[in-house]
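Written out below as structure tokens is the structure these notes cover.
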Amino acid sequence: MLLACRHITLKYAGSEKYVLKNFGFEIDGPGFHALFGPSGVGKTSLARILIGSISDYDGEIVKRRIQSILYSYNMERLPGWSNVGTHLDRITPSAKRDLKDEMVNAFGLASFCSQRFSQLSLGQKNRINLIRYLVQDFQVLIMDESLANVDEITREKILLTIKDLFPDRCFFYISHNVLEVSKFCEHIVVIRDANKQPQAHLIKGQNFSNGHPLDKNAYEKTMLEIMNAS
Amino acid sequence: MLHRRVLQFLIIYTLGLTLLLVVKYLLNLSDYVIPSPESLINTSQQVFSRYFGDVMDTLLVAIIGQVVSICLAVLVGVLGRQTTWFGSFIKVAAYNVQAYPIVAIAPIIFILLGDGFMSRLLIAAMICYFPLLLSILGIMSEPVVDVEHFYRITGRIRWQLEIKIRAFENIHKLTTVVSGSATLAMAGTIVAEFMAANAGIGYSIRIALYQSDLSRIIVALFLIGISLSVYQGLLEFSGSWVKKTWASA
Amino acid sequence: MNRRRLNPFLFIIVLMFILQFLSPPLTSAAEKLNYRLKWLFNASVVGDIWATDQGLFSEAGLDVLVKEGGPERDAIKELELGQAQFGVASADQVIRALSKGSPVVVVAQLFQINPLHWIYRSDNMKIDRLDDFKGKIIGITYGGNDETIMRTLLAKSNITESDVKLFSVRYDFTPFFTKKVDIWPCYINSQGPILKQKLADAGEGVAFFNPSDFGVKFVANSVVTSRKMLENNPDTVKKFTTALLSGWRISLDPANRDIVLETLKKYDKNTPPDILALQLDLTRDLIKPDAAVEIGYIDVDAWKQTEEVMIVQKVISSPVSVEKALQPQF
């Protein structure tokens, strides 16, 4: 077991409504997983509990061999006082310079490094932001719609690159795209409204990666399972 | 930017003066109540260069006072930005102290510091300090979450970086506040001079008032307005220059 | 968008400004008269207070509102603007206004002796002659009457600015209390008793220097109205002046001292009664220094001298023939 959430219950101060109620799931080891569910169901709240910025919840989080959990989201911006290349250089540990360069190329950003963040398109911004998290030391990275503005082909390329480059890390990919999570994720934590119990279902995904063919029938079955669990 | 400021002032000044002259001729008032254009011209010939020197003197004090209060407001704003006990104490103190009218505190300042340069400087600084402080406190204690999140979660955030981010994101607001506080610093210096100093345009205005000489006051207002417009225009220009330079470094 | 919001705002301000000036002067409203004093209610306006408090104006068939003055008030301007029909102004104000074409007339002179004196510590110095000023630090209010008077005194005795040190005076007396300045201007009838007591408490004696003892007669407060008022409503002016001066006569009669002090207390609550009594006695000496001098008497020579002083001191650029504006109405 790598990470487990047990009986998590959360209500924001002043609100009668439960965000999470008796919520739980368990992930065995590293891999590319998803947090899936409609808007407002508690995905971001769960992420904030995992990174420690929400502490007044009931229940238990069990972490094994995890020193660092990072959380990135698609609205993040880089400061405007220097170009994105300089920023990336500054926040990349020297041991990971090559990794950074590799990702910059793989994500199709090499020609944009001399630009300011504000001059980039939304999709380019998402990619630059994601790279700066990937070059940090982490065991778990939560990607909250981190590629929301990236086109489908590029997104697929990026997800496959991440899976190739970081097989020993754990990712939680927050997305509303059932096709995508079914195809790329090893496990999908389907989160439902707090009134429904159990609030979470863990569904096995196709975990598609480079060099492995996709079983179309199994893929469709996963999608159905997710839809049923939602 | 600069010429727009000056032009705006000239329009307002001309409108005000025209209104006064319309009232004068409509009500057939003597030059004692509202001076005639001839007496205005005569007066400005007499006092222009002296008053110009006075306005420069006042402006110099106002600028120094403003710089002092900017430094102080940044210092207190930086300390008060934290959500700690000390931070909120500073904020509450700043809000409360600014409720005191400076003119009520001024006599104490004059008794303690005399009626020279220091009193003028202190009053100018105090008058523009509080609005500056409130704005800077507001800016500095408002996190720019979308930019700061990465540095915070990766443990890279330092207070210098936090301030840099917040200042950069609010540079336009800061420039507006600083340029607006120039008016307050100037008004503060003039009030101080009016009340107790031995120099500056406020002092000259007080003498003109003793002598019921409205034409001198109108000349003084012109010089104050035009100097302040130029100064504010320069501040705004510097603000946009800083922003441009910073954003393209 | 901004333009749209700005225009009505400006329009309202301009409209209010014009209406303020175009509103009909109060004279037209059944003899309702405004009388603007030069300063706040205190012992030095005792006659004005008495006249209104005892209903002397009403007895004369006038509806008079006596309004306090202040540093920002100028009765002559209010006369021209129709905001007041009578007022109190100092001679230098009157002469300045005349020099700028203001149609002001003086109907009575209240102070026969200017209350503006200089206070000094009598233990360390004596000022018997103007030469005694030499080497002293003298307080003056730049731009004020006292500057004009002091410069006239110094010129009269050929004392140059290098023989004395002039110190710029403010509202607070600290430089005098701390002995930074030797001689300090003050109004003998209002500030005089307070300062005297304060220094007596500190074991120091004081004396006052009166410029008119050294030949400089600079007229102080007088009652003024506009030439138009005098020409159009001579009866009203006469009735007003008569009622006012009778207020002064009764209030300064030593026989009425106690009851006058009681009345004064109602209007000046901030001054202790013993000081108020001293102020009243001193005011009497300035308004009626001599039994032979009638209250309200206009000292034409003193006015001419005042004008002359102002010309010499370049306060005004050319003569105004002040005597033409002196129109006693009692």
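Chains as they are written, first to last, in our numbering: chain E, 1 to 230; chain Y, 231 to 479; chain P, 480 to 809.
No residue lacks a Cβ here, since even glycine has one placed at the ideal position from N, Cα and C.
- Chain order gives the chain Y residues near residue 555(P) as 262, where near means a beta carbon separation below 7 angstroms.
- Rounded to the nearest angstrom, the Cβ distance from residue 678(P) to residue 665(P) is 12 angstroms, too far for a contact under 8 angstroms.
- Going by beta carbons, residue 700(P) and residue 567(P) fall inside the 8 angstroms limit.
- The stretch 370–390 of chain Y and the stretch 425–437 of chain Y do not touch, with fewer than 3 CB-CB distances between them shorter than 8 angstroms.
- Within the same chain, 206 come within 8 angstroms of residue 218(E) by CB-CB distance, once the 5 residues on both sides are set aside.
- By the beta-carbon neighbour count (other beta carbons within 10 angstroms, threshold 16), residue 466(Y) is buried.
- Neighbours of residue 316(Y) across chain P, judged by C-beta separation under 8 angstroms, do not exist; the nearest C-beta is about 37 angstroms away.
- For the stretch 381–414 of chain Y, the beta-carbon criterion of a distance under 9 angstroms to any beta-carbon of chain P is satisfied by none of its residues.
- Counting the other CB atoms within 10 Å of its CB gives residue 301(Y) a total below 16, which places it among the exposed residues.
- According to the DSSP assignment, residue 22(E) belongs to no alpha helix (DSSP H) but to the beta strand (DSSP E) extending over 18–27.
- Counting every other CB atom within 10 Å of its CB across the protein chains shown gives residue 791(P) a total below 16, marking it as exposed.
- Not flagged as an interface residue toward chain P: residue 459(Y), since no C-beta distance is shorter than 8 angstroms.
- For residue 582(P), a Cβ of chain Y is located within less than 8 angstroms of the residue's own Cβ.
- Residue burial is scored here from C-beta neighbours: residue 697(P) has at least 16 other C-beta atoms within 10 angstroms and is therefore classed as buried.
- Taking 3 residues as the minimum length, the stretch 364–410 of chain Y contains no beta strand (DSSP E) run wholly inside it.
- Counting of Cβ neighbours within 10 angstroms places residue 70(E) among the buried residues, the total reaching 16 or more.
- By the Cβ rule, the stretch 511–524 of chain P counts as touching the stretch 535–548 of chain P, because three or more pairs are nearer than 8 angstroms.
- With contact defined as three or more Cβ pairs closer than 8 angstroms, the stretch 680–690 of chain P and the stretch 566–582 of chain P are not in contact.
- Contact between the stretch 135–144 of chain E and the stretch 162–174 of chain E is present: three or more C-beta pairs spanning the two stretches fall below 8 angstroms.
- Residues of chain P whose Cβ lies closer than 9 angstroms to the Cβ of residue 259(Y) are, in chain order, 500, 556, 559, 560 and 581.
- The alpha-carbon of residue 105(E) is positioned some 18 angstroms away from that of residue 136(E).
- Interface flag for residue 572(P) against chain Y is set, since a Cβ pair is found closer than 8 angstroms.
- For residue 186(E) and residue 5(E), the gap between their C-alpha atoms comes out near 18 angstroms.
- Any Cβ of chain P closer than 8 angstroms to the Cβ of residue 440(Y) would place that residue at the interface, and such an atom is present.
- The beta carbon of residue 280(Y) sits closer than 7 angstroms to no other beta carbon from its chain once the five residues preceding and following it are set aside.
- At a Cβ-Cβ threshold of 8 angstroms, residue 652(P) and residue 617(P) do not count as neighbours.
- Residue 639(P) counts as exposed, since fewer than 16 other beta carbons sit within 10 angstroms of its beta carbon.
- In summary, residue 454(Y) is buried, with 16 or more beta-carbon neighbours lying within 10 Å of its beta-carbon over all protein chains present.
- Residue-level contact check: residue 280(Y) does not touch chain P, since none of the beta carbons of chain P fall below 8 angstroms from its beta carbon.
- Counting C-beta pairs with one atom in each stretch, the stretch 31–51 of chain E and the stretch 114–129 of chain E have fewer than three that are closer than 8 angstroms, which means they do not touch.
- Annotated three-state conformation of residue 77(E) is coil, per DSSP.
- Around the C-beta of residue 531(P), 16 or more other C-beta atoms lie within 10 Å, and the residue is accordingly described as buried.
- Straight through space, the alpha carbons of residue 257(Y) and residue 264(Y) are spaced by roughly 11 angstroms.
- Closest in C-alpha terms to residue 138(E), from the list 117(E), 102(E) and 66(E), comes 66(E).
- In the three-state reduction of the DSSP assignment, residue 292(Y) falls in the helix class, which pools H, G and I.
- Counting only runs of 3 or more residues that sit fully inside the stretch 648–704 of chain P, the beta strand (DSSP E) segments are 662–666 and 685–688, in chain order.
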